[in-house]
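Residue numbers (my numbering), protein chains in the order written: chain A, 1074 to 1534; chain B, 1074 to 1534.
Protein chains: 2
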Amino acid sequence: METAIEELRALLGRDAISIDPDDLHRHGYSDWSTTNVDTLPTAVVYPTSTLEVSQIAKVCAKYKIPVIPYSGGTSVEGQFTAPVGGFSIDFANMDKILAINDDDLDVVVQPSVPWIELNEHLKPAGLFFPVDPGPGARIGGMVSTSCSGTNAVRYGTMKDWVVNLTVVLADGRIIKTRRRPRKTAAGYNLTGLFVGAEGTLGIVTEVTLRLTVLPQETSVAVVTFPTIRDAAAAASSVMRAGVPVAAMEMMDDVQMGVINKVGSTKRKWKEVPTVFFKFSGTKAGVRDNIETVKAIAKSHMGGDFQFAANQAEQTELWSARKEALWSMLALKGEDEELWSTDVAVPLSRLAEIMEESKKDIGGLGMFASMLGHVGDGNFHSAIFYNKKDPEQVEKVKRVVYKMVDKALEMEGTCTGEHSVGLSKKASLVKELGPETIGVMRELKRALDPHSLMNPGKIFDL
Amino acid sequence: METAIEELRALLGRDAISIDPDDLHRHGYSDWSTTNVDTLPTAVVYPTSTLEVSQIAKVCAKYKIPVIPYSGGTSVEGQFTAPVGGFSIDFANMDKILAINDDDLDVVVQPSVPWIELNEHLKPAGLFFPVDPGPGARIGGMVSTSCSGTNAVRYGTMKDWVVNLTVVLADGRIIKTRRRPRKTAAGYNLTGLFVGAEGTLGIVTEVTLRLTVLPQETSVAVVTFPTIRDAAAAASSVMRAGVPVAAMEMMDDVQMGVINKVGSTKRKWKEVPTVFFKFSGTKAGVRDNIETVKAIAKSHMGGDFQFAANQAEQTELWSARKEALWSMLALKGEDEELWSTDVAVPLSRLAEIMEESKKDIGGLGMFASMLGHVGDGNFHSAIFYNKKDPEQVEKVKRVVYKMVDKALEMEGTCTGEHSVGLSKKASLVKELGPETIGVMRELKRALDPHSLMNPGKIFDL
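Right under this line is the structure:
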């Protein structure tokens, strides 16, 4: 390990490698992760180019040292932990937007570009990148966790927006998965394979993303419902009616209370299940969509329709939703940790599983909220618990994995957008069965025979 | 081989295997393919279930016999040829729609379901499956070629619409790539890997497809342009303005002449470059979009705006576009063959490459047309040539591969939607380079070590 560090220092410069304990801790532990491990990375390496990443991979291959990519560090299922040590590759110095091809509707970026900053750069050209996970996320991690967010119901998830990837393989080879066409049917979809592979097949060092045009008109409306079931049923009806909502997000009574308590918005909200709708398109199109949604919501007991009066209020309302997890964290007690996890089910089953999970989570007697990307059949629960109280840990786990099992029973998935990391490995085996996991394992072995690429994540070898 | 056939007859019944010469020819040769080979499959097997496909794979693994999947037989780059013999697996008896989950917006089908028939079944539920390649295509082949069609500009391509796949691997193992959630980030995207793998990694035996809701309102408009360059530039501007056209298709002067000659529609068309626009959404949204497109087209010298007066005329206009290839074939002389191929480039380069290719193709002195999915940067050329005239064959090849090279130079792809088959293997190496092809090869070897799954396609081992 020491020799490897010295070799890398000779190649990349002394400052490119850190063994500072705080740095190691920040790269191996996360406050908002459901799983942390006792080990930390042995070193953190800060490459500045794809070529340097390739050099790192070659040295690591020589000394059989694990390699763990790191960008925003906002993942919640233990994706960047170092269960067997190894080098954390932090892309902090690879944070450039390399090209904005506005007439081609695409952009070339390095892994450490934050999506929020990217959108600020794109705004003058009237363009945006629609995948919107948690505020701190960066493109590298977003690719590797196949993330999504509130815009997914209209625009799809990460896999739909990656044109090509530059990837460094376990042995240091550099490949580019595609050129830059908007559409292609040429050869295996390697892009799609590396998206969501959580860095276990190779290290993403450059990304071309598709872009879309900022809509002419947007509008935000908020509707309350008597129960989660009513809210989820209304969301399913909106989807079934084919209304192209730009987003459709549900927060439960607890989460609405959090917004009030933290004061994220100027309004005081009713603390009942609430759906936030975003509409976008032309003026007339938005008006039509609002009318349809109003009628559907009413038929599901929706009430208290409120519209954002202007752009500022739209932003404020929507940020209340986007910062839900952060608002929760603001209320976290000294000894508390947050368990934030997600599942997804076929649309028609959403109302049932959300209602049931709400009951289970409520029964814990802990502070817990639920929020859902209800147009995708995908929802999150977030529970505060005391990590040092084994009984509490046990109770939370029981409720979470019961929710996962219920989702699987409904032909759903153990994670709609957080990905597997360390926490959902057993659930993934339940979800797909040993034969399908076997195929994943064979692919992994083909590209990473010594299991050096983010080992221990997604499945065990 | 004989022993294998006897074993399969014992397992599946005598009628499940055909060695009838006409049957072999139909499964190894295609009139509208750019590449045919001298060999034919040794037998055609007609399974009735996934389990039977698994039995076939096991027998073939035992005797090292290649396996070539066959559904609609409409591919054009030699995808279902048998360059080293083997068994063609025709899914004719696996043509059932197994479940329509209308509230989940998905459907479960067998490989031999034609997409047109599927949409007829979905219509009463107000749903449709938007991927629309050539009229005869069936779901199995559509998955394996990662096809698309005129709706791609709005709805994306095959890879965006597959929820899960049941796949039989080379050794007979049966896997399911996912359960049935609309969104998931759980494990490797095997679905996305098998989509577009042309049957070289395994045999798709069951498919869950996402569906969408039929739009309230549709409209079709036709606009003429003085040159292909103007038409392509107008299309790029429409994309850049973010108008959500449902489709945007260009046909050149020759293709418009074909429609007139064959009499596909009641109208007589000007034989000049023409763009067909389809609009869909709410009434008001469609009206808005039409106005925007009209203004853009005018600024690019577009004229002669014509709208379909009613639904029947919409269907007629659109079918003129959809049946373009068939219309061409109706004009094919006795000794002639059709070379139909496609490339795709970043949007801003489309006008240039289409203009240049038009010039080259025009210079051949043969009957040739061009048509483009111009919102995707993707276009086709179709050329009649006499296969028995080596000089003609040589000339066509030269023009086609010049077009491909030009597309690659522009960071494009050798195929936007037809996929590689036999004809584009060398182009794929040029496009992605030996390192990236090397990764595809390693994945192939991991899942199909004896290269029995549709061997010889996409790349050479």
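For each residue, glycine too, the CB sits at the ideal point set by N, CA and C.
Where residue i falls, given that 16 or more other Cβ within 10 Å makes a residue buried
| i | result |
| --- | --- |
| residue 1152 of chain B | buried |
| residue 1372 of chain A | exposed |
| residue 1076 of chain B | exposed |
| residue 1090 of chain A | buried |
| residue 1491 of chain A | buried |
| residue 1528 of chain A | buried |
| residue 1111 of chain A | exposed |
| residue 1504 of chain A | buried |
| residue 1092 of chain B | exposed |
| residue 1100 of chain B | buried |
| residue 1385 of chain B | exposed |
| residue 1136 of chain B | exposed |
| residue 1336 of chain A | exposed |
| residue 1517 of chain B | buried |
| residue 1083 of chain B | exposed |
| residue 1446 of chain B | buried |
| residue 1299 of chain B | exposed |
| residue 1079 of chain A | exposed |
| residue 1074 of chain B | exposed |
| residue 1522 of chain A | exposed |
| residue 1334 of chain A | exposed |
Assumed close pair residue i, residue j - CB separation to whole angstroms, cut-off 8 angstroms
| i | j | result |
| --- | --- | --- |
| residue 1324 of chain A | residue 1444 of chain A | 5 angstroms |
| residue 1289 of chain B | residue 1356 of chain B | 7 angstroms |
| residue 1419 of chain B | residue 1174 of chain A | 7 angstroms |
| residue 1204 of chain B | residue 1230 of chain B | 7 angstroms |
| residue 1243 of chain B | residue 1275 of chain B | 7 angstroms |
| residue 1496 of chain A | residue 1150 of chain A | 4 angstroms |
| residue 1403 of chain A | residue 1353 of chain A | The pair is not a contact, with the Cβ atoms about 30 angstroms apart (cut-off 8 angstroms). |
| residue 1279 of chain A | residue 1486 of chain A | The Cβ separation is near 29 angstroms, so there is no contact. |
| residue 1458 of chain B | residue 1466 of chain B | 6 angstroms |
| residue 1181 of chain A | residue 1191 of chain A | With a Cβ gap of about 11 angstroms, residue 1181 of chain A and residue 1191 of chain A do not count as contacting. |
| residue 1331 of chain A | residue 1401 of chain A | 6 angstroms |
| residue 1186 of chain B | residue 1211 of chain B | 6 angstroms |
beta-carbon residue i near the ligand MN non-hydrogen atom, thresh 7 angstroms
| i | result |
| --- | --- |
| residue 1370 of chain A | Only the bare structure without any ligand can be found here, which leaves the ligand MN out of the picture. |
Which whole runs of the beta strand (DSSP E) in the stretch 1434-1517 of chain A are 3 residues long or more, in chain order?
-> 1441-1446 and 1451-1459
Interface positions of the stretch 1130-1148 of chain B facing chain A (Cβ-Cβ less than 9 angstroms), listed along the chain = none
Report the residues of the stretch 1245-1267 of chain B with a CB closer than 8 angstroms to any CB of chain A, ordered along the chain.
-> 1246, 1247, 1248, 1249, 1250, 1251, 1252, 1253, 1254, 1255, 1256, 1257, 1258, 1259, 1260, 1261, 1262, 1263, 1265 and 1266
Within 8 angstroms of chain A by C-beta, residues of the stretch 1193-1221 of chain B in sequence order = 1199, 1218, 1219, 1220 and 1221
Counting only runs of 3+ residues fully inside the stretch 1203-1245 of chain B, write out the beta strand (DSSP E) ranges in chain order.
-> 1235-1241
Three or more beta-carbon pairs under 8 angstroms between the stretch 1344-1356 of chain B and the stretch 1271-1278 of chain B, yes or no?
-> no
Against chain B: residues of the stretch 1151-1185 of chain A by CB proximity under 9 angstroms | 1174, 1175, 1176, 1177, 1178 and 1179
Contact list for the stretch 1478-1498 of chain B against chain A, Cβ threshold 9 angstroms = 1480, 1481, 1483, 1484, 1485, 1486, 1487, 1488, 1489, 1490, 1491, 1492, 1493 and 1497
For the stretch 1290-1314 of chain A, which residues have a CB atom closer than 8 angstroms to at least one CB atom of chain B, in sequence order?
-> 1309, 1312, 1313 and 1314
Chain A contacts made by the stretch 1384-1405 of chain B, where a contact means CB separation under 8 angstroms | none
Return the residues of the stretch 1508-1525 of chain A that lie within a Cβ-Cβ distance of less than 9 angstroms from chain B, sorted by chain order.
-> 1508, 1509, 1510, 1511, 1512, 1513, 1515, 1516, 1517, 1518, 1519 and 1520
Taking a cut of 7 angstroms between CB atoms, which residues from the stretch 1416-1449 of chain A lie near chain B?
-> 1417, 1418, 1419, 1420, 1421 and 1449
For the stretch 1224-1236 of chain A, which residues have a beta carbon sitting closer than 8 angstroms to at least one beta carbon of chain B?
-> 1225, 1229, 1230, 1232 and 1233
Does the stretch 1161-1180 of chain A come within contact of the stretch 1410-1424 of chain B, defined as at least 3 CB pairs closer than 8 angstroms?
-> yes
Contacting positions in the stretch 1333-1362 of chain A - beta carbon closer than 8 angstroms to chain B | 1354, 1355, 1356, 1357, 1358, 1360, 1361 and 1362
Do the stretch 1436-1443 of chain B and the stretch 1244-1261 of chain A make contact, defined as three or more Cβ pairs closer than 8 angstroms?
-> no
Are the stretch 1135-1144 of chain A and the stretch 1163-1170 of chain A touching by the rule of at least three beta carbon pairs closer than 8 angstroms?
-> yes
Segment contact flag, the stretch 1251-1260 of chain A with the stretch 1400-1419 of chain B, C-beta cutoff 8 angstroms, min 3 pairs | yes
Fully enclosed by the stretch 1255-1334 of chain A, which alpha helix (DSSP H) runs are 4 residues long or longer?
-> 1263-1267 and 1301-1313
Length-filtered (3 minimum) beta strand (DSSP E) runs lying within the stretch 1097-1178 of chain A | 1116-1118, 1140-1143, 1160-1163 and 1170-1174
Quick check: the stretch 1377-1391 of chain B against the stretch 1184-1204 of chain B, are there 3 or more CB pairs under 8 angstroms?
-> no
Chain-ordered residues of the stretch 1365-1378 of chain B with a beta carbon less than 7 angstroms from chain A = none
Just by C-beta distance, which residues in the stretch 1457-1473 of chain A are closer than 8 angstroms to chain B?
-> none
Could you run through the stretch 1269-1282 of chain A and flag, in chain order, every residue whose CB is less than 7 angstroms away from some CB of chain B?
-> 1269 and 1270
So, do the stretch 1218-1229 of chain A and the stretch 1256-1265 of chain B have three or more beta carbon pairs nearer to each other than 8 angstroms?
-> yes
Could you tell me whether the stretch 1111-1122 of chain A touches the stretch 1152-1161 of chain A, where touching means 3 or more Cβ pairs closer than 8 angstroms?
-> yes
Pull out every residue of the stretch 1083-1117 of chain A whose Cβ sits closer than 7 angstroms to any Cβ of chain B, in chain order.
-> none
Counting only runs of 4+ residues fully inside the stretch 1325-1401 of chain A, write out the alpha helix (DSSP H) ranges in chain order.
-> 1326-1335, 1356-1372 and 1384-1395
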